[in-house]
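Enquirer: I have a structure I would like to understand better, so I am pasting it below and will then ask my questions one at a time.
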């Protein structure tokens with residue numbers, strides 16, 4: 001049976017994600033009926049911004065007055081929250097429970113499915129800052145959805161109500177999906193941290209380093225949007241400048257730690273992009289870079305990880 005065009009929504013958890021999507025859905029005409037949180041202060045603050053929304057004591061009370069319950073709690077709390085819910089389809093309460101984790105399998109909600117309820121996953125690909133700007137910045141992002149039948153259709157409509165692009169993810173694919181997403185989020189920050197760390201050895205402050213590099217990163221992202229990953233590639237790999245790559249690897253290796261290892265592994269990925277360019281660098285140049293990379297990684301037991309007794313990190 002299809003869901004209402006504007007189902008009643010409930011939230012267990014009042015963190016950054018909930019604060020954004022609940023407000024956005026309320027503005028789009030979806031009633032947010034109730035919020036439960038182990039921290040009542042944030043729940044009261046959020047409910048105060050949502051017409052007709054009330055703060056309740058536990059997840060079961062959220063289910064009693066909602067059609068779809070969203071679990072916006074830490075991954076290790078999702079299973080316990082699902083187990084605490086009693087779904088009675090003969091009453092006017094929840095028909096579906098949806099978690100918002102990128103990594104946790106939807107099957108963790110199996111206790112709900114065993115009671116006849118629908119289950120699903122709804123994961124916005126966005127780093128929530130917990131600020132008002134999230135409401136505008138989330139527009140244009142993607143949301144990965146794992147659900148079936150009418151619930152899938154409703155979650156797709158909810159993604160579009162956020163101004164987001166819905167993506168479907170197959171069952172069992174969430175861990176790989178979430179691991180890969182780190183490269184565009186946490187690991188992008190880690191790469192920036194490496195830039196700052198190396199530039200600090202030249203006397204740059206962190207503020208000056210970020211002021212210099214963030215516009216370059218923004219330009220790289222916009223170029224990738226326009227030209228694709230291979231088309232946006234710049235630097236010595238894109239030019240086939242094997243000599244520069246070798247010298248930089250040697251320099252970074254002399255600094256100790258894992259600076260050269262990280263550079264070598266990322267350069268290996270850049271070579272893969274370079275091969276996809278309309279006019280790739282010469283095969284001999286790419287082969288020379290690969291030899292330089294293997295010289296570094298081979299010194300670390302061929303794994304790219306410092307061996308026993310070697311320094312790994314700062």
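In UniProt numbering, the protein residues as written are 1 to 314.
Just so you know, even glycine gets a beta-carbon here, dropped at the ideal spot from N, CA and C.
Given this structure, state the Cα-to-Cα distance separating residue 88 from residue 113, to the nearest angstrom.
Expert: Answer to the nearest angstrom: the Cα atoms are 11 Å apart.
Enquirer: Would you give the residue range spanned by the beta strand (DSSP E) that residue 55 belongs to?
Expert: Element bounds for residue 55: 54-56.
Enquirer: Taking Cβ to Cβ, would you say residue 12 is nearer than 8 Å to residue 81?
Expert: Against a cut-off of 8 Å, the Cβ pair of residue 81 and residue 12 comes out as a contact.
Enquirer: May I ask which residues mark the beginning and end of the beta strand (DSSP E) holding residue 166?
Expert: 165-168 is the span of the beta strand (DSSP E), which, as asked, contains residue 166.
Enquirer: Span of the beta strand (DSSP E) holding residue 120?
Expert: Its beta strand (DSSP E) spans residues 118-124.
Enquirer: Beta carbon of residue 271, beta carbon of residue 251: below 8 Å?
Expert: Taking 8 Å as the Cβ cut-off, residue 271 and residue 251 do not qualify as a contacting pair.
Enquirer: According to DSSP, simplified to helix, strand and coil, what is residue 250?
Expert: Helix, per DSSP.
Enquirer: Can you tell me which of the three DSSP states residue 237 falls into?
Expert: Residue state, collapsed to three classes: helix.
Enquirer: In the DSSP assignment, what are the bridge partners of residue 146?
Expert: Paired residues: 121.
Enquirer: Per DSSP, which one or two residues make a beta bridge with residue 82?
Expert: BP columns for residue 82 are empty, so no partner.
Enquirer: What is the DSSP secondary structure of residue 50, counted as helix, strand or coil?
Expert: The answer is coil: DSSP assigns residue 50 none of H, G, I, E or B.
Enquirer: To which residues of the same chain is residue 19 closer than 7 Å at the C-beta, ignoring the five residues directly before and after it?
Expert: Cβ within range, chain order: 46, 130.
Enquirer: Between the C-alpha atoms of residue 160 and residue 2, what's the straight-line distance to the nearest angstrom?
Expert: If you take the alpha carbons of residue 160 and residue 2, they lie about 18 Å apart.
Enquirer: Can residue 119 and residue 144 be called in contact, C-beta distance under 8 Å?
Expert: Result no, Cβ atoms of residue 119 and residue 144 do not sit closer than 8 Å.
Enquirer: Nearest to residue 164 by CA position, among 192, 134, 185, 70, is which residue?
Expert: Out of 192, 134, 185, 70, 134 has the C-alpha closest to the C-alpha of residue 164.
Enquirer: Can you tell me whether residue 233 is buried or exposed, with buried defined as 16 or more other CB within 10 angstroms of its CB?
Expert: Result: buried.
Enquirer: Quick one: using the 10 Å Cβ neighbour count with 16 as the cut-off for buried, is residue 35 buried or exposed?
Expert: Residue 35 is buried by the Cβ-count criterion.
Enquirer: Output yes or no for whether 8 Å exceeds the beta carbon distance between residue 69 and residue 10.
Expert: For residue 69 and residue 10, yes; Cβs fall inside 8 Å.
Enquirer: Taking its Cβ as the centre, do 16 or more other Cβ atoms sit within 10 Å of residue 309, making it buried, or is it exposed?
Expert: Its pLDDT being 35, under 50, residue 309 is placed unreliably in this model, and the value from its coordinates should be taken loosely. Exposed, since its Cβ has fewer than 16 Cβ neighbours within 10 Å.
Enquirer: Which value, in whole angstroms, describes the spacing of the CA atoms of residue 96 and residue 29?
Expert: Rounded to the nearest angstrom, the two C-alpha atoms are 19 Å apart.
Enquirer: Could you spell out where the alpha helix (DSSP H) holding residue 70 opens and where it closes?
Expert: That residue, residue 70, is in no alpha helix (DSSP H); its beta strand (DSSP E) goes 68-71.
Enquirer: Label residue 222 either buried or exposed according to how many other C-beta atoms from any shown protein chain fall within 10 Å of its C-beta, with 16 as the threshold for buried.
Expert: Classification of residue 222: exposed, given that the 10 Å Cβ count is below 16.
Enquirer: Tell me whether residue 122 is buried or exposed, calling it buried when 16 or more other Cβ atoms sit within 10 Å of its Cβ.
Expert: Under this definition residue 122 is a buried residue.
Enquirer: What did DSSP end up calling residue 196 once you bin it into helix, strand or coil?
Expert: Three-state result, residue 196: helix.
Enquirer: Can you find the residues in the same chain that come closer than 6 Å, C-beta to C-beta, to residue 108, ignoring five residues on each side of it along the sequence?
Expert: These residues qualify, in order along the chain: 78, 79.
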